[in-house]
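In the working numbering, the protein residues as written are 1 to 159. Beta carbons: idealized from backbone N, C-alpha and C, even for Gly. These notes concern the structure reproduced below.
Structure representation (structure tokens):
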């Protein structure tokens, strides 16, 4: 099938789990996919497994300037990569997320902030990054579609 032929997709958190499986399905449907992740080894292995229609881009959805792109925030670099490689963005799947669990008395501010920054702030910044780029590729009137992957889990963490 080629429902997504000539479409360009960005999948954050695309090197494992739901993001990786989504990338496989998008590619099977004809899309060209940029997958992102923080672990470069895992990211490159995922892109190799997905084949020539997958491009890995190391990115942190929290959008902080970091050592490997000292002059650009990661999502700005991702935008430049999308535009240079494909010229447009048709599909954005804000999938990056983490879930670490600990007894409440062991949770400090850094532990909390890391999860919040990725799971909440990261989704917001990814949506902000993609909304203008997706909209500019659409004919008028512009339909709007966004996809978010949230993992909500209630667990009793064993002591």
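Cα-Cα separation between residue 109 and residue 116, rounded to whole angstroms: 10 Å
DSSP three-state assignment for residue 127, whether helix, strand or coil: helix
Extent of the continuous alpha helix (DSSP H) run through residue 18: 17-28
Bounding residues of the alpha helix (DSSP H) (the contiguous stretch that carries residue 85): 74-85
Span separating the alpha-carbon of residue 171 from that of residue 43: In the structure displayed, the chain extends from 1 to 159; residue 171 sits before or after that span and is not available.
Beta-carbon separation (whole angstroms), residue 27 vs residue 53, contact threshold 8 Å: 5 Å
Rounded separation between residue 93 and residue 34 - CA only: 10 Å
Pairwise C-alpha distance: residue 107 and residue 22: 32 Å
Length of the line joining the Cα atoms of residue 3 and residue 130: 21 Å
N-terminal and C-terminal residue of the beta strand (DSSP E) that residue 92 is part of: 91-94
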